[in-house]
Amino acid sequence: MAFLFKSKRKRLSGGAEELCLSPETAAIKEWFASRESLQLSLLQLGPTLGTGTFGRVRLATAVIDGNPKYVALKTLKKSEIIRLKQVEHIKDEKQILNSICHPFIVNFYTSFQDEKRLYMVMEYVIGGELFSQLRKARRFSNDASRFYAAEIVLALEFCHDRNIVYRDLKPENILIDKEGHVKITDFGFAKLVEDRTWTLCGTPEYLAPEIIQSKGHGKAVDWWALGVLIFEMCAGYPPFYDENPFGIYQKILDGTVDFPKHFDPNAKDLVRRLLTADRTKRYGCLKAGVEDIKTHKWFKGIDWEATIQRQLVPPFIPNCASENDTANFDKYPDSVERQRPPELSAADAALFESF
Numbered sequence: 001m002a003f004l005f006k007s008k009r010k011r012l013s014g015g016a017e018e019l020c021l022s023p024e025t026a027a028i029k030e031w032f033a034s035r036e037s038l039q040l041s042l043l044q045l046g047p048t049l050g051t052g053t054f055g056r057v058r059l060a061t062a063v064i065d066g067n068p069k070y071v072a073l074k075t076l077k078k079s080e081i082i083r084l085k086q087v088e089h090i091k092d093e094k095q096i097l098n099s100i101c102h103p104f105i106v107n108f109y110t111s112f113q114d115e116k117r118l119y120m121v122m123e124y125v126i127g128g129e130l131f132s133q134l135r136k137a138r139r140f141s142n143d144a145s146r147f148y149a150a151e152i153v154l155a156l157e158f159c160h161d162r163n164i165v166y167r168d169l170k171p172e173n174i175l176i177d178k179e180g181h182v183k184i185t186d187f188g189f190a191k192l193v194e195d196r197t198w199t200l201c202g203t204p205e206y207l208a209p210e211i212i213q214s215k216g217h218g219k220a221v222d223w224w225a226l227g228v229l230i231f232e233m234c235a236g237y238p239p240f241y242d243e244n245p246f247g248i249y250q251k252i253l254d255g256t257v258d259f260p261k262h263f264d265p266n267a268k269d270l271v272r273r274l275l276t277a278d279r280t281k282r283y284g285c286l287k288a289g290v291e292d293i294k295t296h297k298w299f300k301g302i303d304w305e306a307t308i309q310r311q312l313v314p315p316f317i318p319n320c321a322s323e324n325d326t327a328n329f330d331k332y333p334d335s336v337e338r339q340r341p342p343e344l345s346a347a348d349a350a351l352f353e354s355f
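Taking full-length UniProt numbering, the leading residue of the sequence shown gets 1, the next gets one more, and so forth.
Structure, rendered in structure tokens:
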């Protein structure tokens, strides 16, 4: 989870529904949908996969027709959501994930709640974070960076066609599935936006200038973040970095990007066009929209139809000893609560009635 303040486009090709819902994924989704009521006791909780400001994600097991099926369970404390003023963000996350299906976006199964917590049940993506692989490799090859960027472009295009601005693209929010393809996760800052929105949110290194300057922002911020991501994959570090978030913001506003000598010239050209401070001149925001990105010379040779069909050969296949292997995730201590979450007032409890 990230910390807080911290033209006519080609639509998804036929068969995409089947690509994002494998028979097993569809069966799990159907099983949850068939339950009259959901409660935590239906799931066997496993190790923690990740932690955030007001919750954690754990591996969980659902026994379906006598067979164990593995899911990711996102657990969120209501009291912390309220304290951090994130109620609408959480509602948006659930609504958006429940309404979309794409080969390169994590599948959402269901949600439920009890008196003190919200629960979101999602696909378990066994290969771990792209961030972890990038740190192990130090930097990706030009070809590997292009592969991951191509799949991410299609996921962002899909979201933007539906007026969804993602707003938190970064390696930590990109998972690798068992076949080596990407799955974008954590839609906690995603929002349906017709024109502009004004909330300051995201991860400092990836914020577009218009977010920092409170000018109002829209889909263009995702293309800026794509430029940051491509740079980080190719270089091994982000283009704007400082120990202090405000130092990062200043560097973003200054707009100076120092490319390492090994950086591919075509990748450099695309990154520069994405990291354009004037969003009216930024790639992805011009008259041709995303086609400017997809036809850029860095992507020359990429078959976009084969990409959406998951037919490109991934640069990395995760090692998985079993379906519930968590070796590709960092190890986290078990949750030990020093204090139980406080009881909610009737007014606060009512905030989550529609969840």
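Here a beta-carbon is modelled for each residue, glycine too, at the ideal position from N, C-alpha and C.
{"Item": "Separation of Pro103 from Asp161, as counted between CA atoms", "Value": "15 angstroms"}
{"Item": "Secondary structure of Asn173, DSSP reduced to three states", "Value": "helix"}
{"Item": "For Ala155, the first and last residue of its enclosing beta strand (DSSP E)", "Value": "Segment Asn142 to Asp161 is the alpha helix (DSSP H) holding Ala155; no beta strand (DSSP E) there."}
{"Item": "Close-in-space but distant-in-sequence residues of the same chain around Leu253 (CB under 7 angstroms, 5 per side omitted)", "Value": "Pro209 and Ile212"}
{"Item": "Phe3 classed as buried or exposed, judged by whether at least 16 other C-beta atoms fall within 10 angstroms", "Value": "The predicted position of Phe3 is uncertain, since its pLDDT is 33 and thus under 50; a value taken from the coordinates is nonetheless stated next. When all chains shown are included, Phe3 counts as exposed."}
{"Item": "Status (buried if at least 16 other CB within 10 Å, exposed otherwise) for Phe158", "Value": "buried"}
{"Item": "Extent of the continuous alpha helix (DSSP H) to which residue 357 belongs", "Value": "Residue coverage of the chain in this structure runs from 1 to 355, which leaves residue 357 outside it and unanswerable."}
{"Item": "Which residues DSSP lists as bridging Glu50, in chain order", "Value": "For clarity, residue 50 is Gly in the given sequence; the question names Glu instead. Val57."}
{"Item": "Run of the beta strand (DSSP E) containing Phe112, from where it starts to where it stops", "Value": "Phe108 to Gln113"}
{"Item": "Contact under 8 angstroms by Cβ, Ala144 with Pro315", "Value": "yes"}
{"Item": "Segments of 4+ residues assigned as alpha helix (DSSP H) that fall wholly inside the stretch 239-312", "Value": "245-254, 265-274, 291-294 and 304-308"}
{"Item": "First through last residue of the alpha helix (DSSP H) which encompasses Pro204", "Value": "That residue, Pro204, is in no alpha helix (DSSP H); it is neither H nor E in DSSP."}
{"Item": "Which of helix, strand or coil DSSP assigns to Ala321", "Value": "coil"}
{"Item": "Per-residue burial, Asp168 [other beta carbons within 10 Å of its own, 16 or more giving buried]", "Value": "buried"}
{"Item": "Straight-line gap, Tyr241 to Trp31 (C-alpha atoms, nearest Å)", "Value": "45 angstroms"}
{"Item": "Gly180 beta carbon less than 8 angstroms from that of Ile302", "Value": "no"}
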